[in-house]
Ligand code: PAF
């Protein structure tokens, strides 16, 4: 496994590959878990070589404390990637990516950016668009792999690829869950023992909402979810929303020709967790 921190070195290696070599790319912010590894495994099956980037992107954090506390486990990450025969890891510094100007570009994602996460994390999707486009420019992947836990992020990256004619196929992969249902996330290691023990409550709530949306409309389901959280000693609900999968616009009632998802964001103390479920 080759590890490069410099853009020039990773590009030199990628340019030296035989013509026609297909590149699968898994962008990450490190603190890797089985969910990330499953993306790498899928990328390995579908491409000649796999590049993983590990970069905690400062421009997508709307909260400095969250950026500082984002888990960083680079040695363990490299061990894990080596153990599954990843080919290339790209580990740039913020200066390497942004030079002296750590700023986002401004994107128009046709309104997808104003829903859910966009309402609560100002500038987040401009930061994501900026780094993902930059990484695509550097790695020039044929296919890029993203996990559906960040479903809105996938729709936004698809939109960016479509609007900017980027020659890359965006592949979305199902959420990886712990045995008790908690969606795998790099942030889970920041949960206290008590928070972790109670965290399956998030997915349980989504499953209940899924059943309720069979007979109730979205605002009734929202009331039930709010009630579930009202008395929860450890978790605070930030938002719960039922939305159209394609437009991400909130919906009130079911229409059998459309696909819907329920999305949730909660706080466990200072740790923010998100999850979603197809309805
Ligand atoms: O999902 C993530 O880990 C990040 O948002 C991404 C796509 C690697 C961009 O920094």
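Residue numbers (the working numbering): 4 to 282.
Heads up, the beta-carbon is just placed ideally off N, CA and C, and yes, glycines get one too.
Assuming contact is defined by CB atoms lying nearer than 8 angstroms, are residue 87 and residue 44 in contact in what I supplied?
Cβ atoms of residue 87 and residue 44: closer than 8 angstroms.
First and last residue of the uninterrupted beta strand (DSSP E) at residue 264:
Looking at the DSSP string, the run of the beta strand (DSSP E) that includes residue 264 is 263 to 271.
Ignore the nearest five residues each way along the sequence and tell me which others in residue 193's own chain have a CB closer than 6 angstroms to its CB.
Excluding its 5 nearest sequence neighbours in each direction, residue 193 has C-beta neighbours in its own chain below 6 angstroms: 274, listed in chain order.
Please name the residue or residues paired with residue 301 in a DSSP beta bridge.
Any property of residue 301 remains undetermined from this structure, which presents the chain solely from 4 to 282.
So what's residue 247 in DSSP terms, helix, strand or just coil?
Looking at residue 247 - three-state DSSP - the assignment turns out to be strand.
The stretch 7 to 15 touching the stretch 116 to 136, judged by at least three CB pairs closer than 8 angstroms:
Short answer: they don't touch.
Taking 7 angstroms as the cut-off, is the C-beta of residue 95 nearer than that to any heavy atom in ligand 1?
Proximity of the beta carbon of residue 95 to ligand 1 is not indicated: no heavy atom of the ligand is located closer than 7 angstroms.
Based on Cα-Cα distance, which residue from 74, 28 and 41 lies nearest to residue 191?
Nearest in C-alpha terms to residue 191, of all of 74, 28 and 41, is 74.
Within 8 angstroms, do at least three Cβ pairs link the stretch 229 to 238 to the stretch 251 to 260?
With a cut-off of 8 angstroms, the stretch 229 to 238 and the stretch 251 to 260 do not count as touching, because too few Cβ pairs lie within range.
Output the residue ranges of the beta strand (DSSP E) runs that lie fully inside the stretch 88 to 151 and measure 3 residues or longer, sorted by chain position.
The stretch 88 to 151 contains these whole beta strand (DSSP E) runs: 91 to 93 and 146 to 150.
Counting along the chain, where does the beta strand (DSSP E) carrying residue 173 start and finish?
Its beta strand (DSSP E) spans residues 172 to 176.
Give me, in chain order, the residues of the same chain whose beta-carbon lies closer than 7 angstroms to that of residue 83; leave out the 5 immediate sequence neighbours on both sides.
Only 35 and 40 meet the Cβ criterion.
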